[in-house]
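Student: The structure's right below; bear with me while I get my questions together.
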Amino acid sequence: MRTKYHLLTVAFLALSSVIMPLESNAGGKGEKSVGLRAGFTTRNTTATAGLYFSYRFSEHFRLAPKIDYAFQHHSIDAFSLDVDAEMPISLSSSGRVNFYPIAGLNYSTFSHHGLREDRDTSDDTSQRSNEFGLSVGAGVEYFPTKSLRLAIEGKGKLIKKYSGGWFNVSIGYVF
Numbered sequence: 122m123r124t125k126y127h128l129l130t131v132a133f134l135a136l137s138s139v140i141m142p143l144e145s146n147a148g149g150k151g152e153k154s155v156g157l158r159a160g161f162t163t164r165n166t167t168a169t170a171g172l173y174f175s176y177r178f179s180e181h182f183r184l185a186p187k188i189d190y191a192f193q194h195h196s197i198d199a200f201s202l203d204v205d206a207e208m209p210i211s212l213s214s215s216g217r218v219n220f221y222p223i224a225g226l227n228y229s230t231f232s233h234h235g236l237r238e239d240r241d242t243s244d245d246t247s248q249r250s251n252e253f254g255l256s257v258g259a260g261v262e263y264f265p266t267k268s269l270r271l272a273i274e275g276k277g278k279l280i281k282k283y284s285g286g287w288f289n290v291s292i293g294y295v296f
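To convert, take the position in the sequence shown, counting from 1, and add 121; that gives my numbering.
Dropping the structure here:
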C-alpha cells in the first residue's frame, strides 16, 4: 500500500515539473545536440553503449546519426550505425517534453567469436557479417535546461538474420 502512495507522489512531482512554466525550449531550425547513449539489445541480450548527434532542419524534423556497440554475449558483438529521421511532437506547452517517432536506415557489422578448448571465448573473430537494414521506433525527450537533453527510446532494427529491439537512455548537450 505504501508503495502505491510513493509511486503516486513521484508521478505527481514528475508531472508538476513538466507543467511548471519555463522558458520555451521548443527546438528551432539549426538546433544541434550531441551526447552519450547506453542501453540493451534483445538481439543477443546484452548491454549497448554509443554516441549520437542530431541536427534539426525544422520544428518537426531532425536527422540523427547514431553509433552503438553491443557488447559480446553468446559469442557475438556488433557495431551499429543508424541514420534516423525523427519528428518531435511537443507534449507540453513549454516544449520541455517531446515525443518523437523514429524511422531510419541501419548498417551493422556482427562479429562471431569462435570457441577455443582452453577458454569459453576467443578474442579472434572467426566470422564477420555486414548487413543493411531499417529501424523503426519512438522516443521521449525531456529538457531540464536549455542546454541539457535527456531521452529514452526504443526501436526495432529490421536486419536480415539479426533483427531485434534496441532500448536506450541518453544524455546530451544542446547547442
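Beta carbons are placed, not taken as given, at the ideal position from N, Cα and C, and that holds for glycine.
(1) Which full runs of the beta strand (DSSP E) of 3+ residues lie inside the segment 259-284, going along the chain?
(2) Decide if the segment 213-221 is in contact with the segment 190-199; the criterion is three or more beta carbon pairs, one per stretch, under 8 Å apart.
(3) Which whole-angstrom value describes the C-beta separation of Ser-229 and Glu-207, a residue pair presumed to lie in contact below a C-beta threshold of 8 Å?
(4) Please state the DSSP three-state secondary structure of His-194.
(5) Could you give the residue range of the beta strand (DSSP E) that holds Ser-154?
(6) Could you pull out every residue in the same chain whose Cβ sits closer than 8 Å to the Cβ of Arg-249, ignoring the five residues on either side in sequence?
(7) Determine the direct distance from the alpha carbon of Gly-235 to that of Asn-146, and round the result to whole angstroms.
(8) Mapping the DSSP letters down to three states, classify Lys-150 as helix, strand or coil.
(9) Going by other Cβ atoms of all chains shown within 10 Å of its Cβ, with 16 needed for buried, is Phe-296 buried or exposed?
(10) Does the beta-carbon distance from Ala-224 to Val-261 come in below 7 Å?
(11) Name the two residues that bound the continuous beta strand (DSSP E) containing Asn-227.
(12) Out of Lys-278, Gly-286, Leu-271, Trp-287, point me to the one whose CA is closest to Ser-154's CA.
(13) Residues in the same chain with beta-carbon distance under 8 Å from Ser-268, minus the five sequence neighbours each way, listed in chain order, please.
(14) Beta-carbon within less than 6 Å of Asn-289's beta-carbon, same chain only, minus the 5 sequence neighbours each way: which residues are those?
(15) Using a Cβ-Cβ cutoff of less than 6 Å, which residues in the same chain neighbour Asn-165 once the five nearest sequence positions on both sides are dropped?
(16) Near Asn-227, which residues of its chain fall below 6 Å by C-beta distance, leaving aside the five closest residues on each side in sequence?
(17) Give the DSSP-derived three-state secondary structure of Glu-207 in the structure shown.
(18) My understanding is that Tyr-176 touches Arg-183, with C-beta atoms under 8 Å, so please give their C-beta distance in whole angstroms.
Tutor: On the basis of the supplied data:
(1) Counting whole runs of 3 or more residues, the segment 259-284 contains the beta strand (DSSP E) stretches 269-280.
(2) Output reads no: the segment 190-199 does not touch the segment 213-221.
(3) Contact flag wrong, Cβ pair sits at about 19 Å.
(4) Correct three-state label for His-194: strand.
(5) Run containing Ser-154: 153-162, per the beta strand (DSSP E) assignment.
(6) Take Arg-249, set aside five residues on each side of it, and the residues of its chain with a beta-carbon closer than 8 Å to its own are Thr-230, Phe-231, Ser-232, His-233, in chain order.
(7) Note that Asn-146 scores a pLDDT of 43, beneath 50, so its modelled location is shaky; the value from the coordinates is reported in the next line. Put simply, the backbone Cα of Asn-146 is about 50 Å away from that of Gly-235.
(8) DSSP places Lys-150 outside both helix and strand once states are collapsed to three, so it counts as coil.
(9) The residue in question, Phe-296, is exposed, as its Cβ has fewer than 16 Cβ neighbours within 10 Å.
(10) Going by C-beta atoms, Ala-224 is not nearer than 7 Å to Val-261.
(11) Following the DSSP letters along the chain, one finds Asn-227 inside the beta strand (DSSP E) bounded by residues 218-234.
(12) The option with the nearest alpha carbon to Ser-154 is Leu-271.
(13) Excluding residues within five positions, the ones whose Cβ falls inside 8 Å are Tyr-294, Val-295, Phe-296.
(14) Around Asn-289: Arg-158, Gly-160, Glu-274.
(15) Excluding sequence neighbours, Asn-165 sits near His-194, His-195, Ile-197.
(16) Asp-203, Gly-254, Ser-256, Lys-278, listed in sequence order.
(17) Glu-207 carries a strand assignment under DSSP once its states are collapsed to helix, strand and coil.
(18) Confirmed, Cβ separation roughly 6 Å.
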